[in-house]
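Let me begin by presenting the structure, written as structure tokens, before commenting on it.
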Amino acid sequence: MSETGIKKNSQNFGILWQRYGTFGILFLLLVVLAIAQPGAIFNSSAVPQMLKQSAVNILLACGEFFAILIAGIDLSVGAVCGLSGMVAAELMVSAHMPWVPACIIGVLCGTFFGFLNGLLVNRTGLHPFIITLGTQSIFFGVMLVVSHSANIYGFPASFSSMINASLFDFFPISAIIALLVAVVLWFFTTKTKAGRNTYALGGNKEAAWYSGINVPLHTLIVFIISGTCAGIAGIVLMGRLNCADPVAGTGYDTYAIAAAIIGGTSFMGGKGKIPGVVIGGFIIGIINYGMTALMIDSSYQKIMMGALIIISVAIDHFVSVSTNEK
Amino acid sequence: MEPLIKMVGITKVFPGVKALNNISLDIMPGEVHILLGENGAGKSTLMKILSGVYQPTLGKIIIGGKEYKSLTTKDSYDEGVAIIYQELSVINELSILENLFVGKLPTVKKCGISVVDYKTMEEKAAAMLQKVGVHRPLKTFVEDLTMPEKQQVEIAKALVSDAKIIIMDEPTTSLTTAETDNLFALIRKLKSENKGIVYISHKMDEIKKIGDRVTVLKDGTYVGTRRVDEVTVDELVTMMVGREIKGTYFGNPDVDLTKQPILFEAKNITRSDGRCRNISFQLHKGEILGFAGLVGAGRTETMEAIFGAHPKIKGQVFLNGRELHITSPYSAIKQGLGMVTENRRETGIIDNFNVKQNISMVPYLKQSSAGGIGGFLDGRQEVRWAEEQKANLHIKCTGINQMVVDLSGGNQQKVILGKWLAANTEVIIFDEPTKGIDIGSKSEIYQLMRKLANEGKGVLMISSELTELLSVCDRIAVFREGEIRMIFNSAEASEEKIVKTSTGEY
Ligand SMILES: Nc1ncnc2c1ncn2[C@@H]1O[C@H](COP(=O)(O)OP(=O)(O)OP(=O)(O)O)[C@@H](O)[C@H]1O
Ligand SMILES: [Mg+2]
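Taken in order, these protein sequences are the chains called A and B.
Quick note on numbering: the first sequence equals residues 1 to 326 in full-length UniProt numbering.
Quick note on numbering: the second sequence equals residues 1 to 506 in full-length UniProt numbering.
Here you go:
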């Protein structure tokens with residue numbers, strides 16, 4: 001085959017990958033799982049289980065998506081997730097607060113931590129990588145202080161049964177919450193001016209500023225969204241585990257970034273869509289579910305997840321290089 | 001004599017457009033070969049094929065006796081081709097020195113190990129900067145340079161590698177006469193060294209000054225090649241546009257517009273960084289006010305300050321007698337001000353947006369609430385804005401959904417004009433508005449500016465092209481070293497007076 005022929009093919013692959021890559025991975029995973037362990041897929045509790053496992057990832061990934069969209073990153077979503085859950089847990093268990101206000105305060109804590117991230121990014125002018133690397137450690141430390149490094153459990157029964165319930169015995173409430181959040185954010189990105197402006201920020205901050213977009217304000221909003229999503233994820237995670245575990249949130253930063261990238265968000269900023277990110281989060285959930293079903297040790301899950309991040313970013317890079325070289 | 005390069009039967013197809021159709025071109029040693037054509041004619045595409053950025057769909061390229069079906073950027077560099085890109089390729093985060101040698105650091109062997117040869121680098125760089133006329137320390141970061149200086153660094157970058165063939169894609173869009181003369185002196189020297197030069201420009205007077213042969217493209221097809229001394233500019237214009245362009249005066253000298261009420265006024269604008277001091281001017285209804293000056297005289301800096309992009313200023317701004325309080329470009333837009341910025345790639349286009357999204361950005365913001373974050377998108381309205389401007393400015397694209405980075409340079413410029421026009425802005429500051437725009441569209445844009453002024457909108461215009469200022473503006477303010485030194489009426493203004501004022505001889 002001639003050289004230009006190869007180029008053509010790699011270009012076509014590029015276009016296919018950009019359009020259907022995320023679906024391809026999802027499909028591949030399901031096929032692999034169906035062959036390796038048919039029982040894990042062809043059974044009535046499989047889908048609800050997968051959804052349950054995915055809810056937290058979807059929530060975190062949706063927040064992370066915005067941070068990456070503006071060519072930044074949020075490394076603190078895992079810590080915020082843990083801390084918000086912990087705050088809500090303390091309020092319910094130690095302060096005997098009813099679960100609804102406790103959870104709302106927990107989520108608002110997430111909002112506040114996101115606000116702090118955004119404020120620091122704006123005030124210092126440093127890259128979000130540095131800021132959120134720092135706050136990740138700070139938030140984690142604060143959580144250890146709040147919880148005295150111990151698990152907190154004994155939530156009101158009404159809370160546990162609510163968050164672990166399923167609609168029609170099929171759709172877990174946690175997954176419904178995640179999807180509702182995703183729908184709201186999808187609306188935000190596709191139908192509001194603020195959403196459109198956020199994409200502009202990811203494309204070219206300088207030009208965005210000269211065109212009248214309030215860059216600091218939008219940066220702040222992005223981190224507030226990310227923090228809020230992490231806060232909601234914190235409540236959902238705590239409910240699923242039925243306890244607030246100080247280390248529960250660790251590792252979720254990586255998953256969130258992985259889900260956003262696998263879901264088609266470009267690290268260069270300015271490109272990506274919420275539905276893709278939701279599927280990205282779902283993929284992470286399925287990997288977790290599948291590994292558990294195949295009784296693979298969770299350490300291998302980490303290895304697999306890391307490899308998947310590198311592979312999908314590498315393909316993405318290769319694709320954008322080949323489609324640009326016209 | 002053998003040509004340095006022969007391009008034969010080059011065809012290039014992009015999705016939805018045939019950018020080039022069977023084009024042939026040869027470049028002789030010691031010649032300046034001008035490439036001429038309207039916006040979107042295919043000039044940059046042809047040159048990017050030569051520099052290895054694009055691969056041709058059909059055709060071949062013969063360099064130094066070797067025949068290529070297509071070139072990679074490395075092939076091209078190894079064959080001695082250097083290019084000055086239309087959209088500058090300098091990197092803001094690097095110093096001038098590093099920019100000049102990106103990807104081709106000279107090395108010396110020390111104890112058997114190749115290390116970067118900083119000494120040679122610095123010597124070569126200093127000499128080259130001297131030649132192109134950049135007076136800045138080598139370690140200066142490029143982001144601290146003005147737009148014209150960046151363009152000069154881009155030129156230096158192409159020349160420093162000692163190439164045999166140098167492609168210059170609109171190298172003088174930001175330069176004023178003095179810097180352009182500098183470049184032309186350099187080009188003459190290269191010619192005498194038997195190098196081949198391809199020169200693209202929409203400034204027609206440059207053709208006669210520097211060109212030997214000229215090849216005209218139209219809509220991706222070859223029109224013809226002529227010797228420059230055997231053809232008139234008018235003939236060339238007819239070849240490229242297919243009709244005659246009336247290059248006339250667009251003002252109305254009989255009316256004294258300064259008797260009209262004042263529309264816009266700036267009083268004692270001073271920037272805290274000292275780039276402009278005590279700038280005051282008045283714009284009357286119906287008037288177009290121009291700003292001339294050398295590179296670095298502070299015209300752009302003043303306008304950016306007024307527009308709120310660099311909000312640390314002292315002074316006052318009035319629109320229709322009411323004082324404006326501008327703290328950011330957003331607040332400027334809300335109060336009726338707009339600014340077409342001079343650096344298309346950095347402050348103009350949003351590259352992940354299509355034509356429609358780029359154009360609708362400003363009108364959306366103008367109508368938005370809550371600091372620009374309130375409000376919803378309106379798909380139909382967006383299409384209307386974009387289609388209107390596409391027709392108004394004759395933007396050449398496959399449709400308003402085409403990505404803006406896939407448009408030719410001049411058409412990207414039109415998109416930027418479009419976004420301010422779509423917002424129905426009261427006062428527009430045009431900073432090099434016709435940068436990269438072909439001669440036919442230029443006169444259309446001048447007419448458009450005149451129409452805006454007649455409709456009672458404010459038009460302020462910065463330009464490095466004196467002929468342009470003289471033919472469009474009613475009055476011209478001349479900057480020197482951060483201050484306005486003189487304001488001429490169109491009747492009394494002349495190139496000579498303006499140049500003398502801007503250099504301080506007057
Ligand atoms: N990467 C691309 N993808 C799709 N179309 C492209 C791409 N690059 C250029 N084109 C199209 O090819 C045509 C020629 O563009 P080109 O940039 O060569 O024009 P040009 O002669 O340099 O014009 P200008 O004077 O405005 O710089 C245009 O119609 C443009 O839209
Ligand atoms: Mg061009």
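C-beta: ideal position from N, C-alpha, C; glycine also.
Straight-line CA distance for residue 265 of chain A to residue 209 of chain A?
23 Å
Closer than 7 Å, Cβ to any Cβ of chain A: which residues of the region 301 to 317 of chain B, in chain order?
309
Can you tell me which of the three DSSP states residue 4 of chain A falls into?
Low confidence applies here, because residue 4 of chain A scores a pLDDT of 47, under 50, leaving its location unreliable; read the following figure in that light. Reduced to three states, the DSSP call for residue 4 of chain A is helix.
Return the chain-ordered ranges of every beta strand (DSSP E) run that is complete within the region 119 to 196 of chain B and spans a minimum of 3 residues.
165 to 169
With 16 other CB atoms within 10 Å as the buried threshold, where does residue 157 of chain A fall?
exposed
Coil, strand or helix - residue 91 of chain B by DSSP:
coil
Going by DSSP, what residues sit across from residue 265 of chain B in a beta bridge?
B:282, B:318
Is the closest heavy atom of ligand 1 to the C-beta of residue 19 of chain B under 6 Å?
yes
Which one or two residues does DSSP pair with residue 354 of chain B in a beta bridge?
B:403
Counting only C-beta atoms, is residue 263 of chain A closer than 7 Å to chain B at any point?
no
Listed by chain order, chain A residues near residue 409 of chain B by CB distance under 7 Å
By Cβ distance, chain A contributes nothing, its closest Cβ being about 15 Å from residue 409 of chain B, past 7 Å.
Separation of residue 372 of chain B from residue 55 of chain A, as counted between CA atoms
32 Å
Under 7 Å (Cβ pairs) to chain B, residues found in the region 264 to 298 of chain A
270, 271
Mark residue 246 of chain A as exposed unless 16 or more other C-beta atoms lie within 10 angstroms of its C-beta, in which case mark it buried.
buried
Around the C-beta of residue 199 of chain A, are 16 or more other C-beta atoms found within 10 angstroms, so that it is buried, or is it exposed?
buried
Give a yes or no on contact between the region 307 to 322 of chain B and the region 260 to 279 of chain B, applying the rule of three or more CB pairs nearer than 8 Å.
yes
Is there at least one non-hydrogen atom of ligand 2 closer than 6 Å to the beta-carbon of residue 110 of chain A?
no
Taking residue 49 of chain B and residue 56 of chain B to be in contact with their CB atoms under 8 Å, please state how far apart those CB atoms are, rounded to whole angstroms.
5 Å
Partners in chain A for residue 351 of chain B, counting only beta-carbon separations shorter than 7 Å
203, 204
Is any beta-carbon of chain B found at less than 7 Å from that of residue 191 of chain A?
yes
Compute every distance between the C-beta of residue 72 of chain B and the non-hydrogen atoms of ligand 1, then say whether any falls below 6 Å.
no
Proximity of residue 75 of chain A and residue 133 of chain A at Cβ, strictly below 7 Å:
yes
Coarse secondary structure for residue 243 of chain A, derived from DSSP in three states
strand
Measuring CA to CA, which of B:305, B:287, B:481, B:340 is closest to residue 472 of chain B?
B:287
Chain B contact for residue 158 of chain A (CB, 7 Å cutoff)
no
Do residue 412 of chain B and residue 404 of chain B have their beta-carbon atoms positioned less than 7 Å apart in this structure?
yes
Which residues in chain B sit within 7 Å of residue 217 of chain A, going by Cβ to Cβ distance?
371, 373
Residue nearest to residue 105 of chain A in terms of C-alpha spacing, selected from A:292, A:285, A:83, A:276:
A:83
Mapping the DSSP letters down to three states, classify residue 23 of chain A as helix, strand or coil.
helix
Interface residues of chain E around residue 214 of chain A at Cβ under 7 Å?
In the structure shown, chain E cannot be found, because the protein chains are A and B.
Just checking: is the beta-carbon of residue 67 of chain A within a distance shorter than 7 Å of some beta-carbon in chain B?
no
With DSSP collapsed to three states, give me the class of residue 312 of chain B.
coil
Does the beta carbon of residue 71 of chain A sit closer than 7 Å to a beta carbon anywhere in chain B?
no
Can you tell me which of A:304, A:147, A:174 puts its alpha carbon nearest to the alpha carbon of residue 160 of chain A?
A:174
Find the residues of chain A that neighbour residue 348 of chain B, judging by a C-beta separation of less than 9 Å, and give them in chain order.
204, 207, 210, 211
Residue range of the alpha helix (DSSP H) that residue 75 of chain B falls in?
73 to 78
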